[in-house]
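The next block holds one structure in the form of structure tokens; read it before the comments.
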Amino acid sequence: MSKQVVIVGSGNAALCAGLAALENGAEVLMLEKADQALAGGNTKYTAGAMRFAYDNADDLLPLLKDPHDPRLEKTDFGGYTQTKFAEDLLMFNGGRPLSAEQEKLIQQSLPAMQWLGGHGVKFEPIYSRQSFEKEGRHVFWGGLTLAAENEGVGLFDMECAAFERMGGTLRFNAGVTGLIADENGVVGVRVGDEEIFADAVILACGGFEASEDLRREWMGENWASAKVRGTPMNTGDGFTMAQALGAQTYGLMDGCHATPMDLHMADFGGLHLPASERKNYRKICYFLGVMINANGDRFVDEGKNFRNYTYAQFGKAVLDQPGHFAWQIFDAKVDDLLYAEYRFHDAHFVEAATLDELITKLDGVDPHGAQRTLSEFNTAVDTDTPFDPTTLDGKSTSGLPLPKSNWAQRLDTPPFKAYPVTGGITFTYAGLKIDDRGRVLTAEHQPIKGLYAAGEMVGGVFFEGYPGGSGLTSGAVFGRTAGSNAAA
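Read left to right, the sequence shown gives residues 2 to 489 (the working numbering).
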């Protein structure tokens, strides 16, 4: 007799859990508290990029929707080894060694991508955001090369289609309000007054980033002011229900994926927009200019590393500034390198013919502090090293207490533009402790029979930062694990 598996949530992790459970012979019911338009959790809000270890282009071509794209002949993908993936994660661990969850993420990243490809989920090279043209070739940088066709919406659509082809059932407007447990463990869920029994329940319903109260409780008062980039549905339901059964919380409780966002965006990523446009509220080209706070001071090394490795930290850094905002400042030399989000019809910015005039338009900023900072920055820029956005070019400043380590260019070419930003929260890093089978553990490290977790519900994957594209891959890896074992 087939196992009955209930999955709470319908994003990437949930759908991967569903696919894995179905291919292992289970009957799968997926319960989503949103309606059909808002289903998919945070997945629909992402750019669909997935970070994974690969040796060379031979590992990528089978994953592509169009392996005959003529651009491929002039593309240098390089490689991204497991060792490099480990190094990138360690950069954000605050001195911690790799966790067991991170090791699994690294080792299973390519197999998970290949597994998704086998279910008809196809990808495209991220030419627009992850490559620069150099000597007639498309050179990829930062280890992030592929995204799902049609980004996060496309990833959800492809995974959902595969789930339904295999016989899975997805119910909308079915928010799980409790877990049913007895002396044998978790045996089902409640949806209001309805009881649904199952052999296993997989929690894949996201973190608590959309709950202002839980952000304040677990992360601190500043986070009450954060803009919520993604779904309004991730209010910590699974987290709270599992804790009520004695589940062990795990990971960096006040950590999260964040990014600089348009100061004037509405919460929840602009739900009035087509899903493909919601990401345009983020503002992550700070590495091409400078960021200053209300005092007129720079507060991060904008060129510390590729933006893939800094935006999750810098989103928090912006939120920590006076008034929870900053301004990103650019001159015309880099205007054609700014991503499309800076030309988005709802992008807020000011423009001026001189830096002095621009400073007068920076609402909330001390003009004297800004003038001093920008003047000192321009004086400190190394003018001998060539600018090269395809590599860590070493074009830096000298003599400043806070350097800009790469891509430092004088702000000297009009017109000048400045964009107001704040911190946007994408997902929380705190989660539940699971074992290598995806089972939720108690504080005594014992599995709660019948209860599994995947996606943002899993703690210990990320700590003090985040290499871009790892979140969706984590959802696929741990979703696949939970689904396979829940069906076993």
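A virtual CB, placed ideally from N, CA and C, is assigned to each residue, including glycine. Quick caveat, the model's predicted, so the values are computed rather than measured.
Contact between the segment 170 to 183 and the segment 115 to 130 (3+ Cβ pairs under 8 Å): Contact between the segment 170 to 183 and the segment 115 to 130 is absent: fewer than three C-beta pairs spanning the two stretches fall below 8 Å.
Residue from Cys-257, Glu-184, Gly-189, Val-188 whose Cα sits closest to the Cα of Arg-216: Taking the sequence shown and counting its residues from 1, the one referred to as residue 216 is at position 215. When each option's Cα is compared against that of Arg-216, the closest is Cys-257.
Anticipated Cβ contact below 8 Å, Ala-327 with Ile-293, distance rounded: Position 326 of the sequence shown, counted from the first residue, corresponds to residue 327. Position 292 of the sequence shown, counted from the first residue, corresponds to residue 293. 6 Å between Cβ atoms; contact.
Three-state class that DSSP yields for Phe-300 in the structure shown: On the sequence shown, position 299 is the one that residue 300 refers to. If DSSP states are grouped into helix, strand and coil, Phe-300 belongs with coil.
CB-CB length for Ala-333 against Glu-342, believed under 8 Å: As a position in the sequence shown, residue 333 is number 332, starting the count at 1. As a position in the sequence shown, residue 342 is number 341, starting the count at 1. Between Ala-333 and Glu-342 a beta carbon distance of about 18 Å is seen, past the 8 Å cut, so the two are scored as non-contacting.
Of the listed residues Thr-355, Asp-389, Leu-403, nearest to Glu-377 (C-alpha basis): Indexing the sequence shown from 1 puts residue 377 at position 376. Minimum Cα distance to Glu-377 is reached at Leu-403.
Distance CB(Ala-243)-CB(Val-441) smaller than 8 Å: Position 242 of the sequence shown, counted from the start, is the residue given in the question as residue 243. Position 440 of the sequence shown, counted from the start, is the residue given in the question as residue 441. Yes.
Cutoff 8 Å; reference Val-187; Cβ partners in own chain excluding five residues on either side: Counting from 1 along the sequence shown, the entry for residue 187 is found at position 186. Result list for Val-187: Leu-180, Ile-181, Ala-201, Val-202, Leu-246, Ile-449, Lys-450, Gly-451, Leu-452, in chain order.
Limits of the beta strand (DSSP E) - the one that Gln-5 falls within: For the purposes of this step, residue 5 is identified with residue 4 of the sequence shown, where counting begins at 1. In this chain, the beta strand (DSSP E) harbouring Gln-5 covers 5 to 9.
contact_flag[the segment 99 to 109, the segment 81 to 89] where n(CB pairs < 8 Å) is 3 or more: The segment 99 to 109, when compared against the segment 81 to 89, does touch it at the 8 Å Cβ threshold.
DSSP three-state assignment for Phe-86, whether helix, strand or coil: Counted from its first residue, the sequence shown places residue 86 at position 85. Three-state result, Phe-86: helix.
Closest residue to Ala-113 among Ala-487, Asn-486, Leu-23, Phe-479 (Cα-Cα distance): The residue given as residue 113 occupies position 112 in the sequence shown. The shortest Cα separation from Ala-113 among Ala-487, Asn-486, Leu-23, Phe-479 belongs to Phe-479.
Leu-20 vs Phe-164 beta-carbon contact at 8 Å: Here residue 20 corresponds to residue number 19 of the sequence shown, with the count starting at 1. Here residue 164 corresponds to residue number 163 of the sequence shown, with the count starting at 1. Contact flag set, yes.
Alpha helix (DSSP H) segment containing Trp-224, residue limits: Taking the first residue of the sequence shown as position 1, residue 224 is located at position 223. Looking at the DSSP string, Trp-224 is not in any alpha helix (DSSP H), and its letter there is neither H nor E.
Contact check, Gly-193 vs Lys-45, beta carbons under 8 Å: The residue given as residue 193 occupies position 192 in the sequence shown. The residue given as residue 45 occupies position 44 in the sequence shown. No, Cβ-Cβ distance for Gly-193 and Lys-45 is not below 8 Å.
Spatial neighbours of Gly-324 in its chain, beta-carbon cut-off 7 Å, leaving aside the 5 residues before and after: In the sequence shown, residue 324 corresponds to position 323, counting from 1. Short of 7 Å from the beta carbon of Gly-324, and not among the five residues preceding or following it, lie these beta carbons of its own chain, in chain order: Ala-295, Gly-365.
Three or more C-beta pairs below 8 Å linking the segment 135 to 142 and the segment 20 to 36: No, the segment 135 to 142 is not in contact with the segment 20 to 36.
When Thr-146, Gly-121, Ile-8, Val-7 are compared against Phe-133, the one with the closest alpha-carbon: To locate residue 133, count along the sequence shown from 1; it is residue 132. Minimum Cα distance to Phe-133 is reached at Thr-146.
Three-state secondary structure assigned by DSSP to Glu-342: Translated into the one-based positions of the sequence shown, residue 342 becomes position 341. Residue state, collapsed to three classes: helix.
For Phe-417 and Ile-285, the rounded distance between their alpha carbons: Looking up residue 285 in the sequence shown gives position 284. Looking up residue 417 in the sequence shown gives position 416. Ile-285 and Phe-417: Cα-Cα distance of roughly 17 Å.
Cβ neighbours of Tyr-430 in the same chain (closer than 6 Å, five flanking residues each side left out): Here residue 430 is taken as the residue at index 429 of the sequence shown, counted from 1. These residues qualify, in order along the chain: Gly-252, Leu-253, Gly-256, Cys-257, Phe-463.
Supposed close pair Asn-185, Ala-477 - CB separation, criterion 8 Å: Start at 1 with the first residue of the sequence shown, and residue 185 comes out as number 184. Start at 1 with the first residue of the sequence shown, and residue 477 comes out as number 476. That belief does not hold up - the Cβ atoms of Asn-185 and Ala-477 are roughly 30 Å apart, past 8 Å.
Supposed contact pair Thr-170 and Leu-39 - C-beta distance, whole angstroms, cut 8 Å: Walking along the sequence shown from the start, residue 39 turns up at place 38. Walking along the sequence shown from the start, residue 170 turns up at place 169. Their Cβ separation, rounded to whole angstroms, is 19 Å, which puts Leu-39 and Thr-170 out of contact at 8 Å.
Stretch pair the segment 63 to 80 + the segment 89 to 104: three plus CB contacts closer than 8 Å: Touching, no, given that fewer than three Cβ pairs across the two stretches are closer than 8 Å.
Whole-Å CB distance - Val-335 paired with Gly-290, under 8 Å assumed: For the purposes of this step, residue 335 is taken as residue 334 along the sequence shown, with counting starting at 1. For the purposes of this step, residue 290 is taken as residue 289 along the sequence shown, with counting starting at 1. Taking 8 Å as the upper bound for CB-CB distance, Val-335 and Gly-290 are in contact here, some 7 Å apart.
Helix, strand or coil at Trp-116 [DSSP, three-state]: On the sequence shown, residue 116 is found 115 positions in, with the first residue counted as 1. Shown here, Trp-116 sits in a helix according to DSSP, grouped into three states.
Contact set for Thr-392: own chain, Cβ-Cβ below 8 Å, skip 5 residues either direction: For the purposes of this step, residue 392 is taken as the residue at position 391 of the sequence shown. So the qualifying residues of the chain are Trp-142.
Nearest candidate by alpha-carbon position, reference Gly-456, set Leu-433, Ala-444, Pro-468, Thr-443: Position 455 of the sequence shown holds residue 456. When each option's Cα is compared against that of Gly-456, the closest is Leu-433.
C-beta neighbour in chain C for Ala-381, strict 8 Å: You won't find chain C in this structure, because it holds only one protein chain.
Neighbourhood of Met-266 by C-beta, 7 Å cutoff - its chain only, sequence neighbours within 5 removed: Start at 1 with the first residue of the sequence shown, and residue 266 comes out as number 265. For Met-266, the CB contacts under 7 Å within the same chain, skipping 5 residues up- and downstream, are Lys-228, Tyr-282 in chain order.
Option nearest Gly-41 by Cα separation, candidates Gly-484, Leu-473, Ser-226, Thr-482: Looking up residue 41 in the sequence shown gives position 40. Looking at the Cα atoms, Leu-473 is the closest of the given residues.
For Val-122, three-class secondary structure by DSSP: Walking along the sequence shown from the start, residue 122 turns up at place 121. DSSP places Val-122 outside both helix and strand once states are collapsed to three, so it counts as coil.
CA nearest to the CA of Ser-226, picked from Thr-241, Asp-268, Arg-373: Locating residue 226 in the sequence shown gives position 225, where the first residue counts as 1. When C-alpha distances from Ser-226 are compared across Thr-241, Asp-268, Arg-373, the shortest belongs to Asp-268.
Buried/exposed call for Met-2, threshold 16 Cβ in 10 Å: Here residue 2 refers to the residue found at position 1 when the sequence shown is read from its first residue. Within 10 angstroms of the beta-carbon of Met-2 lie fewer than 16 other beta-carbons, which makes it exposed.
Minimum C-alpha distance to Gly-424 - residue among Leu-264, Leu-61, Ala-35: Locating residue 424 in the sequence shown gives position 423, where the first residue counts as 1. Closest by alpha carbon: Leu-264.
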